[in-house]
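Colleague:
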Amino acid sequence: MNLTPDILKKYLRRLTNLSSRNRSLLLSTLSADQFLDWKALDFVDNRSAFDVLSDLIAQKKTVRLGQVIDPRSEKGNEVSKRLRKLSRTERFIEEERGSEDLYVGYPFVRGKLMDGTVIHAPLVYFPVTLQKNEENVAYWELRRRPEPTLLNRSFLLAYGYFNQVTIPDELLEKNLEELSRDSLVFRTELYELLKESALKLNFNQAIFQDTLQYFDECSKSDLELLEQNGELKLYPEAVLGIFPQAGSYLAPDYEALISQEEKRVDDEEASAFSVPIKEANTFTAFPQDASQEQALLRVKQGESLVVEGPPGTGKSQLIANLMTDFAARGKRVLLVCQKRVALDVVYERLRQVGVAPFAALIHDFKNDRADLYAQLDAQIGQVDEYQKQNYALDSIVLERQFLQVSRSIEQLCSELNAFKEALFDANECGLSPKELYLTSSSQEANSPIPQFRQFRFDDRLETFLQKLRRLEQYQRFLPSPHPWEERVDFSRIGITAVKNTIEEAIQTYEYTQKSTSEWLGQTLNAAHLRQLHRLDTQVRTWQERLQLPMLWDFFERSVSGKMTKSLAQWLPKAHKSGQKLMGGSVLMDELSTSELPRFEHRLQALIQARQSVVKWLFYSDKDYFRDLTVSLGLTLELTDLYQLRQRLENRKALEQWVDEVENKLAISIRERSMSQTLLRWEEVAAAMEQAAQLQLEMQQNAPFLANLALKGKDEWASVTKQLLTLASEFSGKYQRWQRYLTQGQLLRLEESAAYGAELKKALEVNFDALVEMDSLKNELPESEREIYERLQTETLHSWIDVVQNSLRLAWLAHLEEKNPVLRAVSSLKMSQWEEELQQLIEQKQALSREILGMQLREQTYKEISFNRLQNRTTYRELQHQVTKKRKIWPVRKLMEHHAEEVFRLVPCWMASPETVSAVFPLRHGLFDVVIFDEASQCYAEYGIPAIYRAKQAVIVGDSKQLAPYDLYRARYENETEEEQVALEVESLLDLAKHFYSDTLLQGHYRSRSLDLIDFSNQHFYKNKLQLLPHFQDINESIPAIEYAKVDGVWEQNRNTIEAERVVELVKMLQNEQPNASVGVVTFNYPQQQLIEQLLHETVEQGEGGWKKSFFVKNIENVQGDERDIIIFSVGYAPDVRGRFRAQFGSLNARGGENRLNVAVTRARQKVYVVTSIWPDQLQVETAVHSGPKLFKSYLAYALNVSSGAYRPRPLELHKRPSSWLLKHRLQQTALQKEDIVLEELPFADLT
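First residue of the sequence shown: 0, per numbering that gives the first Met the number 0; consecutive thereafter.
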């Protein structure tokens, strides 16, 4: 946090130069509840006021002032009344701030400093406390506090600053108890002390007389006229009163900061905050929620942080975890807060986990020094014992267990984070699997969408669904069934063309049916004609081929059935036989058919002659056969003659085969030679095969043409030609018709002309809708059109619902396959993870406490040194200084000499900002982390010195609670200061926000009932709090706020009737709920005093005392407190004349609404609003600030809650659609089952 020297100087001025408002510099009047003129004690107790003062100078432990009640002395009773008020103020400040600020100031300095600053202030402060002594007759007495008598530090610093002189530390810290106890000698020695110093004070003779004078109440303006610059005189005046001293200890720090040449560089700016923190390096001894853990991790990463902590969100819990974590890692931790009660809360938590011996609480360094030194002495005495304890522990096993548990937590968290990332990752399809799960169901209507990955849940899908919705509307609009459900695209055609097409089609169908019936004796339909047109080329080929007589003859035979089945079976056998015969050795053209018998006879005679040698020699027919055999490649050898005879047999068989073919086919194939006959047979066989093929083709493609052959060749040719022409014309028309009608429609038109009338009638009614519908459909790309076509049969469910559900199911299946961890919910794994994690966290908390204790103990003996006699030298000098009885060092001096040893013994510190400056050396990085609590109530200038001592800072507070304010301290402010952020903001919290990033604690744990926090959550925290009320309380019907209306009267800023009602309530609650803690909060100081007075009278009347936890406070000082039951005394009421004046005190000031917020968030269980007015009596419309308006709203809220009329509003989540939340899914399910589900309250939501 870099602040310029100029800003630091202005901060210093706010602390030290408080000229007209600081009581330690200028005391103009003595208010009854804060001061008592010591002269008023003159002879109250039968002694002069100076004699009583002499007892104080003599350092007597107690000084008697006078009786509490003296029936003989009116003056004594008046003084007692003032003392009672002063005692009450002293006690309040001590409880509120933890500081003791009651002093006797004597003598008084009066005059002006060199710059003209007026002074009228004590020179010496005697620290005392006021109390009643109840022995015998009760009387008032002063008891000396165990702190030194000092010179007025504020006066000395102001003197040095404005008179340009140096005031040595020795004079600032001079213990005046070292002076004589005799009053005269004391004054003389004081004179000598100041005479040797830089102070120039005029000791007049009146100072050395044993008398006092009454305090001269003189205003600042009068003093400016009466006094001269640079002249200061001492007067024998004495005052008992509240003189806050703390701010003066901050001034030297500022002077040192201003004089330093090197400016501080914020560590957090140079740190890398993204470094992950290992679970094994985190030692949290207390439970924490997610927002607390996130803040803790950011701090552990080295980041300085502002933590906004609304009421009841666990600020103290976070602070305690930070302190234990840093301490366990050997770090130095400082918690700073001006409110003692806040420090006590954290200290108590540390004590519960055994850290108390290692934590020092020195809110008031003067009074807490003895306890601190005793603690350090005890710690030194425990060093050996700590070492024994750690050695007795199996530290290795403990650390191993801690490491194992930490790793298990990290592993589980990693798996849960993987599940979370997968569950909430919307990158792939535009929706997270969580929302997909909540908005889909496999039990509802769905349809497969193979191309689902083309559909992300984005604007494109919304556009498609919008079109689909319109298409469905058109679909539902058209009657079902509708003649035009099946149609061509109407988007670019006119109604006239469609009508003309219908008429033309009907007429053409009638003509074709009539013509084909006449030509063929049967009707050809559109399919026949279109098929015939497609076969046009083939049919013309048929025509050409059938011009051949033989082919036509065999085709006609096939069509007419003359080719019987037996003949058809014989033909392939005959063909095979012929091929076999022709494939052998056969006499072919050598002999004609008629020569065969004679040749057979001659050949037989030749063979017989050849068998006889004699006959052969003289056989005459040898020459004929010799020529024949040579031509055949044979000889006249007997074996060759046998072959010749076989060839002859084969020829005879072939002749028989030809005869059989001619007979069977009734056709002549024999030619003059056998070779020609066989060729003829090949032609016949080919013609037969072609005819069979033609018949088969016609039967398959145009059977009506085959049948037409029965009418003869010429008729067949003529009709076929006409049919081809008709088919060509029809196909042309049909192709044109398909631009306007579908095949199905054309088919139905062919079947029934009445269908055409139906089409035309529907066209007249719905054509425009059909055109628009088809236009929409044309805009769909292929993938969308496919979905649309699938939905045509869906009539029971909304198309949008079906598509949405189908897409979600498809994407879920894909994402589950990609991320199997998503299936953990549907198995036992998720519940196992949750159970294991809870157990591990509990184990780690327990182990963290043991590790914490072990580490803290180890630090005390880790670097101990010994002398050669093995006597410990570490801590020896420190122990001497904290145990000696005389010349005891101030804490600051002890820290300057022995800081390292002290921090090893006590690494955790808790102190006020003033104590930090008074005790710790101004050294940057003295503490690893400095934590500020209740920073919204701390002026910015009070926090800078402590922050400078830190490596990193954590500023904790609530900007919606009290701003800095101290009724008993003054603060210098100059209206002419430059407009700089550091000078414009008041609180340390607001200042820190300009330098550090911030985070918000969101879980609210204090209020057991929603009624107690809902008002603040709505009006102050924008419903950001996650409320966690007790289940039992939230289900009870008893309101947590009770509106108690009384007929009170506003008189002298008090309401007696209300106060009496409050006392009655307190007594009732003490009897009926003795275990409940109770607090009373008023809206102004006089009402607080009145209630305290009535309660005090009740005690004096013997009706019993009040528990220690009981308090009566006003809205200015109740921050940080909480009780089971809070009673509000509003106070404001009509006066005795019945007139109501809307004067709301501090509520009407700037920031007054924050005071209200603090007050209404203090209760854990119950609030009683005791008031004399109804909300509508308040006229706050013209109020400048929002405090009165919110006050009226709260009264109305309390009245509604009390009467049972209030209903909490459901939590509104603007960042997520309703479909994203489990609660809405549960509501839908309940509605489907006709169950009743109440609207949820604004708790931590189901997600």
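Just so it is clear, CB atoms sit at the ideal spot from N, CA and C, and this is done for glycine as well.
Measuring CA to CA, which of Ser-1008, Glu-648 and Thr-522 is closest to Gly-583?
Modeller: The residue given as residue 583 occupies position 584 in the sequence shown. Ranking Ser-1008, Glu-648 and Thr-522 by Cα distance to Gly-583 puts Glu-648 first.
Colleague: What are the start and end residues of the beta strand (DSSP E) that includes Ala-359?
Modeller: As a position in the sequence shown, residue 359 is number 360, starting the count at 1. It spans 358-360 - the beta strand (DSSP E) in which Ala-359 sits, taken as one unbroken run.
Colleague: Whole angstroms is fine: what's the gap from Ala-373's alpha carbon to Leu-29's?
Modeller: In the sequence shown, counting from the first residue as 1, residue 373 sits at position 374. In the sequence shown, counting from the first residue as 1, residue 29 sits at position 30. Taking the straight line from one Cα to the other gives about 39 Å.
Colleague: In whole angstroms, what separates the C-alpha of Glu-661 from that of Arg-609?
Modeller: Locating residue 661 in the sequence shown gives position 662, counting from the first residue. Locating residue 609 in the sequence shown gives position 610, counting from the first residue. Each residue's alpha carbon lies about 39 Å from the other.
Colleague: Can Pro-145 and Ala-341 be called in contact, C-beta distance under 8 Å?
Modeller: By 1-based counting over the sequence shown, the position of residue 145 is 146. By 1-based counting over the sequence shown, the position of residue 341 is 342. Not in contact: Pro-145 and Ala-341 (Cβ atoms no closer than 8 Å).
Colleague: Mind checking Asp-363: buried by the 16 CB within 10 Å criterion, or exposed?
Modeller: The sequence position of residue 363 within the sequence shown is 364, counting from 1. Buried: at least 16 other Cβ atoms inside 10 Å.
Colleague: Let's see if you can read the secondary structure: which residues bound the alpha helix (DSSP H) around Leu-334?
Modeller: One-based indexing of the sequence shown puts residue 334 at position 335. Following the DSSP letters along the chain, one finds Leu-334 in no alpha helix (DSSP H) but inside the beta strand (DSSP E) bounded by residues 332-335.
Colleague: Taking the alpha-carbon of Leu-534 as reference, which of Thr-128, Ser-935 and Pro-702 has the nearest alpha-carbon?
Modeller: The sequence position of residue 534 within the sequence shown is 535, counting from 1. The residue from Thr-128, Ser-935 and Pro-702 with its alpha-carbon nearest to that of Leu-534 is Pro-702.
Colleague: Using 8 Å as the cut-off, can you tell me whether the region 756-775 makes contact with the region 399-415, which would need three or more C-beta pairs spanning the two stretches below that distance?
Modeller: no
Colleague: Report yes if the C-beta distance between Pro-121 and Gly-110 is below 8 Å; otherwise report no.
Modeller: Taking the first residue of the sequence shown as position 1, residue 121 is located at position 122. Taking the first residue of the sequence shown as position 1, residue 110 is located at position 111. No. Outside cutoff.
Colleague: How is the beta strand (DSSP E) around Trp-139 delimited, first residue to last?
Modeller: Counting from one through the sequence shown, the residue named residue 139 turns up at place 140. Element bounds for Trp-139: 138-143.
Colleague: Rounded to whole angstroms, what is the Cα-Cα separation between Glu-589 and Thr-719?
Modeller: To locate residue 589, count along the sequence shown from 1; it is residue 590. To locate residue 719, count along the sequence shown from 1; it is residue 720. Spanning the two alpha carbons is a distance of roughly 49 Å.
Colleague: Identify every run of the beta strand (DSSP E) within the region 1086-1128, keeping only runs that are complete inside it and at least 3 residues long; order them along the chain.
Modeller: 1110-1113 and 1122-1128
Colleague: Leu-333 to Ile-946, Cα distance in whole Å?
Modeller: Within the sequence shown, the letter at position 334 stands for residue 333. Within the sequence shown, the letter at position 947 stands for residue 946. Computed Cα separation, rounded: 10 Å.
Colleague: Is the beta carbon of Asn-21 within less than 7 Å of some heavy atom of the ligand MG?
Modeller: As presented, the structure is devoid of all ligands, the ligand MG included, so that no description of it is given.
Colleague: Distance, Cα to Cα, Glu-485 vs Gln-831?
Modeller: Residue numbering aside, residue 485 sits at position 486 when the sequence shown is read from its first letter. Residue numbering aside, residue 831 sits at position 832 when the sequence shown is read from its first letter. Between Glu-485 and Gln-831, the C-alpha separation is close to 57 Å.
Colleague: For Ala-708, name the three-state secondary structure that DSSP assigns.
Modeller: Residue numbering aside, residue 708 sits at position 709 when the sequence shown is read from its first letter. DSSP places Ala-708 in helix when its eight states are reduced to three.
Colleague: With distances taken from CA atoms, which of Arg-735, Phe-285, Leu-677 and Gln-337 is nearest Asn-497?
Modeller: Translated into the one-based positions of the sequence shown, residue 497 becomes position 498. Sequence check: residue 497 is Val here, not Asn. With distances taken between Cα atoms, Val-497 lies closest to Arg-735.
Colleague: In the DSSP assignment, find the unbroken beta strand (DSSP E) run with Lys-663 in it and report its ends.
Modeller: For the purposes of this step, residue 663 is taken as the residue at position 664 of the sequence shown. Where Lys-663 is concerned, there is no enclosing beta strand (DSSP E), although the alpha helix (DSSP H) it sits in stretches over 637-664.
Colleague: With 16 as the cutoff for other CB atoms within 10 Å, does Thr-312 come out buried or exposed?
Modeller: Here residue 312 refers to the residue found at position 313 when the sequence shown is read from its first residue. With 16 or more Cβ atoms within 10 Å of its Cβ, Thr-312 is classed as buried.
Colleague: In the DSSP assignment, what residue or residues form a beta bridge with Val-980?
Modeller: On the sequence shown, residue 980 is found 981 positions in, with the first residue counted as 1. None, per the DSSP bridge assignment.
Colleague: Could you pull out every residue in the same chain whose Cβ sits closer than 6 Å to the Cβ of Ala-991, ignoring the five residues on either side in sequence?
Modeller: Translated into the one-based positions of the sequence shown, residue 991 becomes position 992. Excluding sequence neighbours, Ala-991 sits near Val-305 and Ile-954.
Colleague: Would Pro-889 pass as a contact of Glu-172 if the rule is Cβ separation under 8 Å?
Modeller: Residue mapping note: residue 889 aligns to position 890 of the sequence shown, counting from 1. Residue mapping note: residue 172 aligns to position 173 of the sequence shown, counting from 1. Yes, these two residues count as a Cβ contact at 8 Å.
Colleague: According to the Cβ coordinates, are Leu-183 and Leu-193 closer than 8 Å?
Modeller: Here residue 183 corresponds to residue number 184 of the sequence shown, with the count starting at 1. Here residue 193 corresponds to residue number 194 of the sequence shown, with the count starting at 1. No, the pair does not count as a contact, with Cβ atoms beyond the cut-off.
Colleague: Just mark Arg-186 as buried or exposed, buried being the case when its beta carbon has 16 or more other beta carbons within 10 Å.
Modeller: For this step, residue 186 is matched to residue 187 along the sequence shown. Arg-186 is buried by the Cβ-count criterion.
Colleague: Just to confirm the assignment: which complete beta strand (DSSP E) runs, minimum length 3, are found wholly within the region 209-260?
Modeller: 231-234 and 238-241
Colleague: For the region 54-64 against the region 140-154, do three or more pairs of beta-carbon atoms, one drawn from each stretch, fall closer than 8 Å, so that the two count as touching?
Modeller: yes
Colleague: Looking at the structure shown, is His-574 part of a helix, part of a strand, or coil, going by DSSP?
Modeller: Position 575 of the sequence shown, counted from the first residue, corresponds to residue 574. Three-state result, His-574: helix.
Colleague: Nearest to Pro-1174 by CA position, among Val-1080, Gly-115 and Tyr-1042, is which residue?
Modeller: Stepping through the sequence shown from its first residue, residue 1174 is reached at position 1175. Selected option, being the one with the closest Cα: Tyr-1042.
Colleague: When DSSP labels each residue in this structure, what does Glu-1041 get in the three-state scheme?
Modeller: Stepping through the sequence shown from its first residue, residue 1041 is reached at position 1042. Strand at Glu-1041.
Colleague: In chain order, what residues of the same chain lie with their CB nearer than 7 Å to the CB of Asn-1083, ignoring the 5 residues before and after it?
Modeller: Residue numbering aside, residue 1083 sits at position 1084 when the sequence shown is read from its first letter. Around Asn-1083: Asn-1052, Asn-1113, Gly-1130 and Gly-1144.
Colleague: Tell me, which residues are paired with Asn-132 by DSSP?
Modeller: Indexing the sequence shown from 1 puts residue 132 at position 133. DSSP output for Asn-132 lists Tyr-138 as bridge partner(s).
Colleague: Specify the secondary structure class of Thr-438 as computed by DSSP and reduced to three states.
Modeller: Walking along the sequence shown from the start, residue 438 turns up at place 439. Three-state result, Thr-438: coil.
Colleague: For my contact list, Asn-1156 and Gln-960 are in at a C-beta cut-off of 8 Å; report their separation, rounded to the angstrom.
Modeller: Start at 1 with the first residue of the sequence shown, and residue 1156 comes out as number 1157. Start at 1 with the first residue of the sequence shown, and residue 960 comes out as number 961. At roughly 6 Å, the Cβ-Cβ gap stays under 8 Å, so Asn-1156 and Gln-960 are in contact.
Colleague: Residues bridged to Glu-714 by DSSP?
Modeller: Residue mapping note: residue 714 aligns to position 715 of the sequence shown, counting from 1. According to DSSP, which records beta bridges pairwise, Glu-714 is partnered with nothing at all.
Colleague: When the Cα atoms are used, what is the spatial distance from Leu-402 to Leu-846?
Modeller: Taking the first residue of the sequence shown as position 1, residue 402 is located at position 403. Taking the first residue of the sequence shown as position 1, residue 846 is located at position 847. Roughly 10 Å separates the two Cα atoms.
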